[in-house]
Amino acid sequence: MGTHRNVGDILVGIGRLTQDEVDRALAHQRAHGGFFGEALLALGLVSRQELDWVLASQFDLPYVVPRVDEVDLAAARLVTREWALAHTALPILRTPDALKVVVSAPNREGEALGELQERVGLPVERAVASAEQIRSLVHEVFALPVERRVAVVPRRVGDFLDEAVLADADRFGISAHGLRTTGWYVARGRTWRAAVDVHWRQDLARTLVPAYGEALAAGLRQWNADLRVKEAIVPVHVKELVTRDGAELVFEPVPLLDDPLSVPTPPADLLSEIAMIVASGAGKFRVRSSPEPFAADVLPHLPAVLLDRSLRALHLTDRSEARRPPSTVVLPEGPEREEVLQALGGFGFDVLTGELADRDPAVRARAQSLARTTFLVLPPEVDADEAFAAGLRWELTLQQAESTEWTWALEPLRPAR
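Per this note's numbering, residue 3 is the first one in the sequence shown, and the count goes up by one each step.
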């Protein structure tokens with residue numbers, strides 16, 4: 003097992019605490035006992051949510067805010083209410099590949115999770131949430147009637163798969179057992195479910211080509227197919243597990259390798275860190291890349307990749323020859339530039355991405371005022387001092403080795419003086 007970073011180092015590393023504040027917390031811990039995180043809370047140096055996020059980051063696990071309507075109730079009821087409360091842990095999703103369990107203390111309850119893994123026969127994947135959130139979720143889940151699994155009105159499987167594809171789901175599937183058939187998909191770290199019509203097999207046979215694939219073992223098949231959804235054909239990799247009482251199908255979209263702007267999903271810990279920064283109101287990012295021009299091509303896609311596709315995003319550039327993705331505004335020269343920036347201020351965008359060669363600090367400041375969260379590509383000669391003076395606080399670096407191999411890095415932007 004690798005060495006985990008300590009909480010203090012993580013908070014100093016992201017610029018959330020100074021070393022003096024860490025030393026204060028250590029002194030408080032020595033004087034009063036308890037855990038280092040408890041000392042941070044007692045001194046008011048971090049919030050409970052920030053501490054939970056750091057604990058997740060310490061173990062390279064996703065930090066989640068679970069909701070009862072996103073929980074796979076069949077998975078949750080693999081344990082009792084008493085077990086969930088005693089261990090502050092709850093299964094929230096079961097797929098043919100793994101059982102996802104949300105925990106409050108990733109460094110504890112290893113024995114209990116090991117026993118659960120052995121009993122279920124699936125590897126356990128952990129996610130982190132606060133103890134308070136998990137206890138509240140447990141009470142909500144076990145207060146629901148046993149019969150309630152998903153939405154009451156069944157949907158055609160074709161309609162549900164359309165929704166999953168439009169949501170840009172990382173993967174989606176169908177779980178059919180006895181008289182109950184559930185469709186599910188995972189998008190942006192959240193899981194959505196709905197009841198599916200019992201005639202889903204016939205519907206799927208018209209939607210999926212080919213509808214069946216090569217058998218790998220008893221009850222297990224996998225194959226590549228085309229999924230026909232509204233106005234599109236989506237290539238997918240399909241896995242099917244047939245059991246005595248039904249079947250589990252999982253669909254994974256196959257990326258189009260020839261798409262020059264296909265952006266691989268960043269690591270879960272980086273997504274979690276960016277989400278926390280944005281939620282705190284400090285989401286002002288300078289974007290750099292290796293090779294350097296690569297950042298400008300990726301920039302307009304970052305809101306959907308890093309945050310949420312549903313956010314209202316604007317792409318701003320002052321280069322007339324730049325590639326123009328949808329929702330792009332090209333800033334004119336001269337006095338009209340200020341007029342355009344002033345007019346854009348009334349739209350209240352969620353996210354701004356900008357490629358600005360203009361060295362005028364006023365232009366950069368005005369651009370950043372257009373949205374609460376901004377991602378800017380600046381000329382390479384702009385140093386950390388100038389970027390910091392423009393209001394940017396984080397540096398997001400992308401390195402592309404091959405089309406499908408990317409390295410992401412996020413560091414606080416520290417001026418030299």
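Virtual Cβ for every residue (Gly too), placed ideally from N, Cα, C.
Only a predicted model underlies this, so the values are computations on that prediction, with no experimental measurement involved.
Element boundaries [beta strand (DSSP E), containing residue i]
i    : result
N283 : One point to set straight first is that residue 283 is Gly, not Asn, in the sequence displayed. No beta strand (DSSP E) holds G283; DSSP gives it neither H nor E.
A197 : 192–197
Beta-ladder partner(s) of residue i, from DSSP
i    : result
A227 : V238
S291 : L400
E357 : T319, V379
F174 : Y187, F253
L309 : Paired residues: none, contrary to the question.
G248 : H179, T245
V332 : T319
V211 : D228
F351 : A373
Sub-8 Å separation of residue i and residue j beta-carbons
i    : j    : result
P156 : V126 : no
A78  : I94  : yes
L316 : V331 : yes
F296 : Q402 : yes
L63  : L53  : no
D320 : L354 : no
L87  : V140 : yes
L210 : A227 : yes
R339 : L346 : no
H179 : G285 : no
R173 : V252 : yes
L222 : L243 : yes
V104 : L115 : no
F38  : V70  : no
Q51  : R7   : no
A392 : A367 : yes
A133 : T82  : no
G356 : T376 : yes
K232 : D164 : yes
A41  : A58  : no
S177 : E250 : yes
W410 : P269 : yes
A100 : L80  : no
L181 : I276 : no
Boundaries of the alpha helix (DSSP H) in which residue i is found, first to last residue
i    : result
G10  : 9–15
H34  : 21–34
L412 : Per DSSP, L412 belongs to no alpha helix (DSSP H); it is in the beta strand (DSSP E), 407–414.
V167 : 159–168
H89  : 83–89
R50  : 50–60
A386 : 386–391
G1   : The structure shown does not extend to residue 1, since the chain spans only 3 to 419, so no value can be given for it.
E338 : 338–346
D71  : Here D71 belongs to no alpha helix (DSSP H), and DSSP marks it neither H nor E.
F296 : 296–300
Proximity test, residue i beta-carbon vs the ligand PLP heavy atom, cut-off 7 Å
i    : result
E383 : What this structure holds is no ligand at all, so the ligand PLP is not there to describe.
Whole-Å CB distance - residue i paired with residue j, under 8 Å assumed
i    : j    : result
A171 : A189 : 4 Å
L304 : V280 : Rounded, the Cβ-Cβ distance is 12 Å, inconsistent with contact.
A389 : L380 : 6 Å
W55  : S282 : That pair is no contact at about 10 Å.
L13  : V48  : 7 Å
T193 : E72  : 5 Å
V265 : V236 : Contact flag wrong, Cβ pair sits at about 17 Å.
V122 : L75  : Their Cβ separation, rounded to whole angstroms, is 15 Å, which puts V122 and L75 out of contact at 8 Å.
L398 : F287 : 5 Å
P212 : W225 : 7 Å
G175 : T97  : 7 Å
L415 : W396 : 6 Å
L45  : H34  : 10 Å between Cβ atoms; not a contact.
D364 : L318 : Reading the sequence as shown, one finds Ala at residue 364 and not Asp. The pair is not a contact, with the Cβ atoms about 15 Å apart (cut-off 8 Å).
Contiguous beta strand (DSSP E) assignments of at least 3 residues, all confined to the region 92–137: 101–105, 126–130, all fully within the region 92–137.
Length at least 4, wholly inside the region 359–384: the alpha helix (DSSP H) runs in chain order: Counting only runs of 4 or more, we get 363–370.
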